[in-house]
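Residue numbers for the sequence shown follow my numbering, beginning at 5 and rising by one. Even for Gly, the Cβ is constructed at its ideal location relative to N, Cα and C. Working notes, beginning with the structure itself.
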Amino acid sequence: MSEHAATKLKPADDPAYRLPACLGKFQLPFLGGGLALLLVGLFLAFSVQSNKDVSMPRFGFSAYLTAYLYTLSICLGCLFFVLIQHLVRAGWSVVVRRIAELMMIMIWPMAVLFLPILFAAFQENALFAWTNPDYIAEFVPERAWENKKLFLNPTFFAIRAVVYFTIWCSLSLYFWRGSVLQDETGERAATDRMQLWSGPAVMLFALSVSFAAFDWGMSLAPMWFSTMFGVYFFAGSILAAHCFICVSAFLLQRCGAAKDEITVEHYHDLGKYMFGFIVFWTYIGFSQYLLIWYGAIPEEAEWFYTRQLGSFAGISIALVLLHWLLPFFGTMARTVRRMPAVMALWAVYILIMHFVDLFWVVMPEARVGHHAHVGGVLGVIACVLCAVGLLGLVLGLVLRMAASSHVVAVRDPRLRESIAFENF
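Spelled out as structure tokens, the structure:
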């Protein structure tokens, strides 16, 4: 990385640092359209016919949980991106860091949107199987449940959720305020303070995200356990965050913002991280599968066995071929990473596959007995509409927030270094 003192900076109030009008006009359409799609998706999800394999309330709440985890994972990934950039004093990322900051602050509305999931946790068999006494009596050994029920109960579940969101909301607000305040003051001490607190913040983030993944993903199957599941969720989150930043940067530039600040070099670096986290996600997923399948412990292996039956068998194969193999080779070449439009397309594609991954994690548990079911065409459409709607709603809030701030950290002391950044 090189820093050129001759690099000229634009004034902080330059229009290139503001949200372009061609993006700002989508605030209300995203808010209204996102809410409408979410409501339609939920209506369809709760309309999926109940039979011996599918529980209607659980399918509806599971569809919402899938959409929720999808959007939240991007927010959390962006929070980690911001934390790690401050921790290592990264210069290259300053021009794209504000994109991540805008998404990480959406953890606040996501805390409110968690209420339906919290409500479901207090309803018998609405979402989590451990709330159904009949299921516990039939499928969970009494001795195992004696140990698990101390952790898997609605009250403690709610307390843990409050702790998670307290940590995430506090971290996102602290780093958001510090960055935005620096836009006005140019105070270097703000950078030093954020760097100082980023270390403890990363540790809090790691623990809270892991336990949240256990609570909201792994506990859907009360008898299943994997110490790697938290890392698996994190890997998908940070991959999705880099993809979101890449797409957002491309759209900003297409509309005239940060055209001179975000360069091919930044897309190249984002591409390297996208490629790296594709490998990381694959490594964690394969390691988890290999250890559990080789161990052949019924309580562990059943989770994967369920996903090798029916429609989910095809999704399992698709994840290997389309979430790993295709983007692995597609983003490997240096020439590809230095083509912003191509990288933006790959980023959109990976974001779609990230949704498929979470669908594969959550939806097999929307059942009564042993047989997982996608809910037919209606069920798939409902899940997609929920995810698109919830993400659209949050993006509308992002645009609203961006309209009142800068899209680049205009007075960060490393801005000149970031603009002059080169890959060697």
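With 16 other Cβ atoms within 10 Å as the buried cut-off, status of residue i
| i | result |
| --- | --- |
| Gln257 | buried |
| Val92 | exposed |
| Ser6 | Bear in mind that a pLDDT of 44 at Ser6, under 50, signals an unreliable position, so the model cannot answer this. |
| Asn136 | buried |
| Val381 | exposed |
| Thr75 | buried |
| Cys26 | exposed |
| Arg181 | exposed |
| Val166 | exposed |
| Arg147 | exposed |
| Leu162 | The sequence as given places Ala at residue 162; Leu does not occur at that position. The residue in question, Ala162, is exposed, as its Cβ has fewer than 16 Cβ neighbours within 10 Å. |
| Thr159 | exposed |
| Tyr298 | exposed |
| Tyr309 | exposed |
| Pro331 | buried |
| Gln292 | buried |
| Leu325 | exposed |
| Asp138 | exposed |
| Met278 | buried |
| Gly203 | exposed |
Assumed close pair residue i, residue j - CB separation to whole angstroms, cut-off 8 Å
| i | j | result |
| --- | --- | --- |
| Ala104 | Ile321 | At roughly 33 Å, the Cβ-Cβ gap does not stay under 8 Å, so Ala104 and Ile321 are not in contact. |
| Cys390 | Leu42 | 6 Å |
| Thr195 | Pro344 | That belief does not hold up - the Cβ atoms of Thr195 and Pro344 are roughly 28 Å apart, past 8 Å. |
| Val412 | Glu265 | 6 Å |
| Ser422 | Trp96 | 6 Å |
| Ala1 | Pro226 | No information on residue 1 is available, as it lies outside the stretch 5 to 428 that the chain covers here. |
| Leu394 | Ala71 | 4 Å |
| Gly280 | Ala376 | About 32 Å separates the two Cβ atoms, so there is no contact after all. |
| Arg404 | Gln31 | 5 Å |
| His90 | Met198 | 5 Å |
Contact check, residue i vs residue j, beta carbons under 9 Å
| i | j | result |
| --- | --- | --- |
| Ile140 | Ser230 | no |
| Tyr21 | Lys14 | yes |
| Ala348 | Ser77 | no |
| Val402 | Met114 | no |
| Leu419 | Val98 | yes |
| Pro24 | Gly260 | yes |
| Leu35 | Gly334 | no |
| Trp201 | Ile121 | no |
| Gly38 | Gly400 | yes |
| Leu224 | Val366 | yes |
| Glu142 | Trp228 | no |
| Val184 | Phe84 | no |
| Val378 | Asp187 | no |
| Val268 | Leu80 | no |
| Arg62 | Asn129 | yes |
| Ile354 | Ile242 | no |
| Leu119 | Leu69 | no |
| Ala67 | Ala262 | no |
Own chain partners of residue i with C-beta closer than 8 Å, once the 5 adjacent residues on each side are dropped
| i | result |
| --- | --- |
| Val352 | Cys247, Val251 |
| His272 | Arg338, Arg341, Arg342, Asn427 |
| Ile288 | Met232, Val235, Tyr236, Ala239 |
| Lys12 | none |
Range of the contiguous alpha helix (DSSP H) that encloses residue i
| i | result |
| --- | --- |
| Ile109 | Per DSSP, Ile109 belongs to no alpha helix (DSSP H) and is neither H nor E. |
| Lys152 | 146–152 |
| Trp297 | 268–299 |
| Gly221 | Neither: Gly221 is in no alpha helix (DSSP H) and is coded neither H nor E. |
| Arg164 | 158–189 |
| Ala40 | 31–51 |
| Thr339 | 338–341 |
| Thr310 | 302–310 |
| Leu23 | Careful: Leu23 lies outside any alpha helix (DSSP H) and carries neither H nor E. |
| Cys259 | Per DSSP, Cys259 belongs to no alpha helix (DSSP H) and is neither H nor E. |
| Gly393 | 380–407 |
| Asp138 | 137–143 |
| Asp361 | 344–366 |
| Arg420 | 419–423 |
| Pro120 | 119–125 |
Contacts around residue i, its chain only, beta-carbon distance under 6 Å, and the 5 residues preceding and following it disregarded
| i | result |
| --- | --- |
| Arg311 | Ser320, Pro368 |
| Phe431 | Residue numbering for the chain in the displayed model covers 5 to 428; residue 431 lies beyond these limits and cannot be assessed. |
| Phe169 | Ala115 |
| His358 | Gly240, Ala244 |
| Phe50 | Gly64 |
| Ser176 | Leu83, Met108, Ile109, Ile111 |
| Gly383 | Val52 |
| His410 | Tyr21, Asp187 |
Nonlocal neighbours in the same chain, by C-beta distance under 7 Å from residue i, ignoring five residues either side
| i | result |
| --- | --- |
| Ile385 | Leu48 |
| Val86 | Arg101, Ala104, Glu105, Met108, Phe179 |
| His8 | The predicted model places His8 with a pLDDT of 48, which falls under 50 and marks its position as unreliable, so this point remains unresolved. |
| Phe284 | Ala239 |
| Asp18 | none |
| Val44 | Leu389 |
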